[in-house]
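J.:
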Amino acid sequence: MTRANLSAASGSEVRAAVRAGQWTRATHGLARGHVQANLAILPEAYAYDFLLFAQRNPKPCPIIEVTETGNPEPSFCAPGADIRSDLPGYRVFRNGQFVEERRSIADLWRKDHVAFLIGCSNSMDEALEDAGIPQRHLETEDGRISVYTSSIQCRSAGRLHGPIVVTMRPIPADRVEQAREISSRYPLAHGSPVHVGDPAAIGIPDLSRVEWGRFNPLREDDVPVFWACGVTPQAIAIASGIPEMITHAAGHMFVTDLMLGETRT
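Here the UniProt record's numbering is used: position 118 in the sequence shown is 118, and no number is missing along the way.
1. Let me make sure I understand the geometry here. Which of G261, A20, I242 has the alpha-carbon closest to that of D82?
2. If I measure Cβ to Cβ from A115 and keep anything under 6 angstroms in the same chain, skipping five residues before and after, which residues do I get?
3. Given a threshold of 16 other Cβ atoms within 10 Å of its Cβ, counted over all protein chains shown, does D86 qualify as buried or as exposed?
4. Can you tell me whether E100 is helix, strand or coil according to DSSP?
5. Work out the CA separation of I182 and M124 for me, nearest whole Å.
6. Can you round the beta-carbon distance between F93 and E244 to whole angstroms, since I take them to be within the 8 angstroms contact cut?
7. Measure from the alpha carbon of R32 to the alpha carbon of each residue in G96, D130, T232, then state which is nearest.
8. Quick check on this structure: which residue in T263, L258, A54 has the alpha carbon closest to the alpha carbon of E78?
9. Mapping the DSSP letters down to three states, classify N38 as helix, strand or coil.
10. Just grab the DSSP bridge partners of W227 for me.
11. Which residues does DSSP list as the beta-bridge partners of M259?
12. Looking at P224 and P199, is the spacing between their C-beta atoms short of 8 angstroms?
13. What's the C-alpha gap between A47 and P58?
14. Do you know offhand how far F76's Cα is from I64's?
15. Does the count of Cβ pairs from the region 100-117 and the region 178-193 closer than 8 angstroms reach three?
16. Is the region 184-193 in contact with the region 207-224, if contact means three or more CB pairs nearer than 8 angstroms?
17. Where does I236 fall in DSSP's three states?
18. How far does the beta strand (DSSP E) with R94 in it reach, from first residue to last?
19. Does the Cβ of S208 have 16 or more other Cβ atoms within 10 Å, making it buried, or fewer, making it exposed?
20. What are the boundary residues of the beta strand (DSSP E) that M124 is part of?
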């Protein structure tokens, strides 16, 4: 199955392909028009701290849905889905350390788990493209965006603290303000940028050294524009040293049934 096959698919069709093992790669460009989501699963004992953390940090962690304790179905944004199998990749963190990446977490799911689905900037790629603003990462075969840990600190909440993770899009200089205005309409896709220009000003000394995704070089007259990223909980798991967090693998998102137009402000 190709990315082109799934670009016009529904959210449920993409999830079915993922569950069947027919799609195991990044979800950039799939089910165009649908909202994609980052994932963070925590024990119930940490769920309130995380909910408070997300409320205090809406740029990196805009909440789409929180599941009932022990229930892997996100019944609001994707009825019938199973959070344990419907993402192409997962990452497991324990005691502040990355432990493993895997295709399914069915055997790790516990009765005290709470899943948080968090908005993703993948969702606004289409809105920017429709306005004629090029998305350099989508011009590549794998569609991966450039992702970095910034020096911008989140507001702490309970036992959770750490830096904001950001995505970088090379944007033509004469389209930066338009990109800012368009993205601000989609708070569930991280909204407007958190920084424009000099990467060193937010603790990124070398754009070619990505931490997740792939490096998308700037072209002549491009400006690096940085949006908050839903990979931030992974940085929080490491910085806070919490006993367990299960997340999506970077770029391997949960595709919801929600349409981007429904989330516009």
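C-beta: ideal position from N, C-alpha, C; glycine also.
T.: Taking the structure as given:
1. A20
2. I41, T67, I83
3. Around the beta carbon of D86, 16 or more other beta carbons lie within 10 angstroms, which makes this residue buried.
4. strand
5. 9 angstroms
6. At roughly 7 angstroms, the Cβ-Cβ gap stays under 8 angstroms, so F93 and E244 are in contact.
7. Among G96, D130, T232, the Cα nearest to that of R32 is on D130.
8. The identity of residue 78 in the sequence shown is Ala, whereas the question assumes Glu. Comparing Cα-Cα distances from A78 to each of T263, L258, A54, the minimum goes to L258.
9. Reduced to three states, the DSSP call for N38 is strand.
10. Beta-bridge pairing by DSSP links W227 to T167.
11. H34
12. yes
13. The alpha-carbon atoms of A47 and P58 are separated by roughly 16 angstroms.
14. 9 angstroms
15. At 8 angstroms Cβ cutoff, the stretches do not touch.
16. no
17. helix
18. 90-94
19. Sixteen is the threshold: since fewer than 16 other Cβ atoms of the shown chains lie within 10 Å of the Cβ of S208, the residue is exposed.
20. Unbroken run through M124 is the alpha helix (DSSP H), 122-130; no beta strand (DSSP E).
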